[in-house]
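Engineer: After the structure tokens below, expect a handful of questions from me.
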Amino acid sequence: MNKTLLLEKYSHILDENLINEIAQKGIFKSFKTNDIIIDINQPLKFIPLLLSGNIKILREDDHGNELLIYFLEAGETCTMSLTCCMGASKSKIRAVAEKDSDLVMVPVENMLQWFHNNESWRTFILESYQIRFDEMLDAIDNIAFMKMDERLTKYLKEKTKLHDSNTINIKHQDIAEDLHTSRVVISRLLKQLENEEKIKLSRNKIELL
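Right, here's the structure in full:
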């Protein structure tokens, strides 16, 4: 099953010999929704390749407030953890399972070795950096230039895409934490969207119309 998922999600970019090596040397792990996969200040000896599920990547300020940076989908990796691994530094992000997720953890020494001697791995890593860099710029633009109602609408659309459903099971407080604002603000904006008939609200559930 693990090898099958690897082939399914990564064969479009990684060669088969490398996938066989990853299957042999990687550590396969499963996480439940809201499990912390990587925590801030954690020493990193592995990088995650996501096989199934979704992961959200968060930053934390000095007061413990979290800010959502980007989401990971199956077939992707976290380049912020890559950077920490390559620099032998501790994690600067928190990775949390958005829903039940399966990963393969690749040892740092193999990651570095493959970067130098495997073209498909090198291409995958460099493309991952570009994608994540663009997403972080997008996150900065959202904070700097978008109003909170626009950020909320975009957030809800991303959630429905990740979960492949127009209905999201989520608390207002969880949205507030992801968007770094108060629950009162989120509740007010959600009610406004409902009045505009863009969403339908029920207990811990939001349906996009």
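Here the numbering used here runs 121 ahead of the position in the sequence shown, where the first position is 1.
By construction, the Cβ of each residue, glycine as well, lies at the ideal position given by its N, Cα and C atoms.
Kindly confirm or deny that the segment 156 to 166 and the segment 254 to 267 touch, where touching means at least three C-beta pairs closer than 8 Å.
Structural biologist: Flag = no, the segment 156 to 166 and the segment 254 to 267 do not touch.
Engineer: For residue 226, report the span of its beta strand (DSSP E) as first-last.
Structural biologist: Looking at the DSSP string, the run of the beta strand (DSSP E) that includes residue 226 is 222 to 228.
Engineer: In the segment 123 to 207, which residue ranges form an unbroken alpha helix (DSSP H) of at least 4 residues, counting only runs that do not cross its ends?
Structural biologist: Runs found: 123 to 131, 137 to 146 and 200 to 207.
Engineer: CA-CA distance, residue 284 and residue 302?
Structural biologist: Those two C-alpha atoms are separated by around 23 Å.
Engineer: The alpha helix (DSSP H) spanning residue 290 covers which residue range?
Structural biologist: Segment 288 to 290 is the beta strand (DSSP E) holding residue 290; no alpha helix (DSSP H) there.
Engineer: Residue 159 and residue 243 - do their beta-carbons sit closer together than 8 Å?
Structural biologist: The answer is no: Cβ separation not under 8 Å.
Engineer: Use the C-beta contact count for residue 200: other C-beta atoms within 10 angstroms, 16 or more gives buried, fewer gives exposed.
Structural biologist: The residue is buried, with at least 16 neighbouring Cβ atoms inside 10 Å.
Engineer: In whole angstroms, give me the CA-to-CA distance for residue 196 and residue 132.
Structural biologist: Answer to the nearest angstrom: the Cα atoms are 9 Å apart.
Engineer: What does the Cβ neighbour count give for residue 333, buried or exposed, with the cut at 16 atoms within 10 Å?
Structural biologist: Outside the displayed span of the chain (122 to 330) sits residue 333, for which this structure offers no information.
Engineer: When burial is assigned at 16 or more other CB atoms within 10 Å of the CB, is residue 266 buried or exposed?
Structural biologist: When all chains shown are included, residue 266 counts as exposed.
Engineer: Would residue 195 count as contacting chain D if we go by Cβ distances under 8 Å?
Structural biologist: Here chain D cannot be found, since the structure has a single protein chain.
Engineer: Can you have a look at residue 125 and say buried or exposed, based on whether 16 or more other CB atoms are within 10 angstroms of its CB?
Structural biologist: Residue 125 comes out exposed.
Engineer: Measuring straight from C-alpha to C-alpha, what distance separates residue 308 and residue 140?
Structural biologist: Distance between the alpha carbons of residue 308 and residue 140: 46 Å.
Engineer: What ranges does the beta strand (DSSP E) occupy inside the segment 259 to 293, keeping only unbroken runs of at least 3 residues that lie completely in it?
Structural biologist: Counting whole runs of 3 or more residues, the segment 259 to 293 contains the beta strand (DSSP E) stretches 288 to 290.
Engineer: In the structure shown, what three-state DSSP assignment does residue 329 receive?
Structural biologist: Residue 329 falls in the strand class under three-state DSSP.
Engineer: Within this structure, are the beta carbons of residue 297 and residue 191 separated by less than 8 Å?
Structural biologist: Going by C-beta atoms, residue 297 is not nearer than 8 Å to residue 191.
Engineer: Could you please give the first and the last residue of the uninterrupted alpha helix (DSSP H) stretch that includes residue 312?
Structural biologist: Where residue 312 is concerned, the enclosing alpha helix (DSSP H) stretches over 304 to 316.
Engineer: Please work out which residues of its chain come closer than 6 Å, Cβ to Cβ, to residue 151, disregarding the five sequence neighbours upstream and downstream, and give them in chain order.
Structural biologist: Contacts found: 223.
Engineer: Name the residue from 218, 324, 246 and 277 whose alpha carbon lies nearest to the alpha carbon of residue 173.
Structural biologist: Comparing Cα positions, the closest option is 218.
Engineer: By the 10 Å Cβ neighbour count, where 16 or more other Cβ atoms means buried, how is residue 280 classified, buried or exposed?
Structural biologist: So residue 280 counts as buried.
Engineer: Beta carbon of residue 149, beta carbon of residue 225: below 8 Å?
Structural biologist: Contact flag set, yes.
Engineer: Report, in whole angstroms, the separation of the C-beta atoms of residue 198 and residue 179, which I expect to be a contact under 8 Å.
Structural biologist: Going by Cβ atoms, the distance from residue 198 to residue 179 rounds to 17 Å, so no, they are not a contact pair.
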